[in-house]
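Residue numbers (the working numbering): 46 to 199. Every residue, glycine too, gets a C-beta built ideally from N, C-alpha and C. Computed from a predicted model, the values in this text were never measured in an experiment.
Written as structure tokens, this is what we have:
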């Protein structure tokens with residue numbers, strides 16, 4: 046939600062071969078000028094518009110925590126409809142989950158990610174908590190696996 050979530054990745058030399066873009070969601074980070082309510086779909090739409098404006102037709106999306114919040118709510122209220130569509134996500138996916146995440150059980154993430162047809166890897170990060178990209182030991186696992194994922198799936 047806040048571009049600072051990925052400060053460690055921006056400073057990590059393992060990411061230097063890539064052009065990184067970090068976006069603040071509405072009402073997060075340094076965003077200003079929008080007082081009305083928004084949905085996370087608004088942020089997704091804004092992100093897509095930015096990528097289009099930059100002329101990027103190929104890119105990887107890295108998200109943490111809130112980027113999955115609306116889909117998680119949809120799962121709670123309409124679980125079958127969402128679960129039934131996981132097999133339609135036809136792009137490579139890397140799913141990392143903290144073993145000590147108290148908000149969302151790792152077993153649930155393992156279960157739904159197994160339905161992704163192009164799941165490249167599912168990794169439970171021992172001692173990892175909810176914000177893997179921000180915390181030890183998750184940031185190191187993130188730093189190792191994401192560049193490898195990009196190289197192997199480009």
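*Kindly indicate which three-state DSSP category residue 130 falls into: helix, strand or coil?*
coil
*Quick one: give me the first and last residue of the alpha helix (DSSP H) that residue 154 is part of.*
151–158
*Is it right to say residue 143 is buried, meaning 16 or more other beta carbons lie within 10 angstroms of its own, or is it exposed?*
Counting C-beta atoms within 10 angstroms of its own C-beta, residue 143 has 16 or more neighbours from the protein chains shown and is therefore classed as buried.
_So, at 8 Å on beta carbons, what are the nonlocal neighbours of residue 122 in its own chain, with the 5 sequence-adjacent residues on each side left out?_
Any reading at residue 122 must be qualified, since the residue scores a pLDDT of 48, below 50, and its modelled position is unreliable; the value itself is stated next. The answer is none, since no qualifying residue turns up.
*Whole angstroms is fine: what's the gap from residue 193's alpha carbon to residue 180's?*
So the two alpha carbons sit approximately 20 Å from each other.
*Residue of 162, 150 and 83 minimising C-alpha distance to residue 132*: 162
*Taking C-alpha atoms, which residue in 70, 84 and 81 lies nearest to residue 95?*
70
*asked:* According to DSSP, simplified to helix, strand and coil, what is residue 166?
replied: strand
*Opposite residue 200 in the DSSP bridges: which residues?*
One cannot answer for residue 200 here, as it falls past the ends of the chain, which runs 46 to 199.
*By Cβ distance below 7 Å, which residues in the same chain neighbour residue 105 in space, the five residues on each side in sequence not counted?*
So the list reads 195, once near-sequence residues are dropped.
*State the Cα-Cα distance for the pair residue 84 and residue 72, rounded to the nearest angstrom.*
11 Å
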